[in-house]
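First the structure, in the form of structure tokens, and then the observations on it.
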Amino acid sequence: MKSDLGYINHIKEELTFLQIESKKLNRDQFISDNLIKRAFVRSIEIIGEASNKLSDSFKRKYSEVDWRKLSATRNRLIHGYFVVDYDIVWDLVINKIPTLETQINSILLKEKTLFD
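Residue numbers (the UniProt record's numbering): 1 to 116.
See below:
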């Protein structure tokens, strides 16, 4: 069984991917690239799945992150894959992911400090 920190590291990896790749594109390039659209959706699904696996105590400890929203976004993508609105995916990556990455970096820093 993975630890909470292991799941947070998975989330961080996907956030980093989304941040790096989104900086290489504009919205129109994203919309026209089926491979990158699928990759972005998959990264968001992984973020949601990893957040689902976190312990309740960890989620309470870091309640500044809206863990339920991460999970709900994953569920909408997984269960509604045939109607994905890629404009919403792009908006999420551009406007929400940077804040989430800041929150996750803060968590990683706090957790690292606890073990140093």
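Just so you know, even glycine gets a beta-carbon here, dropped at the ideal spot from N, CA and C. Only a predicted model underlies this, so the values are computations on that prediction, with no experimental measurement involved.
- In the structure shown, the three-state DSSP call for ASP28 is helix.
- In this structure the region 65-74 does not touch the region 32-42; the number of beta carbon pairs closer than 8 Å is below three.
- Counting the other CB atoms within 10 Å of its CB gives PHE82 a total below 16, which places it among the exposed residues.
- In the structure shown, ASP66 falls within a coil segment according to DSSP collapsed to helix, strand and coil.
- Leaving aside the five residues that flank ILE94 on each side, the residues in its chain whose CB is nearer than 7 Å to its CB run, in chain order, SER22.
- A Cβ-Cβ distance of about 17 Å is found for the pair LEU5 and LEU100, leaving them out of contact under the 8 Å criterion.
- In the three-state scheme derived from DSSP, where H, G and I count as helix and E and B as strand, LEU54 is classed as coil.
- DSSP, read as helix, strand or coil, puts LYS23 in coil.
- Cβ neighbours of ALA50 within its own chain (closer than 7 Å, five residues either side excluded): TYR7, HIS10 and ILE11.
- A direct Cα-Cα distance of roughly 21 Å separates LYS61 from GLU13.
- Boundaries of the alpha helix (DSSP H) around ASP87: 86-95.
- Around the beta carbon of THR73, 16 or more other beta carbons sit within 10 angstroms, so the residue counts as buried.
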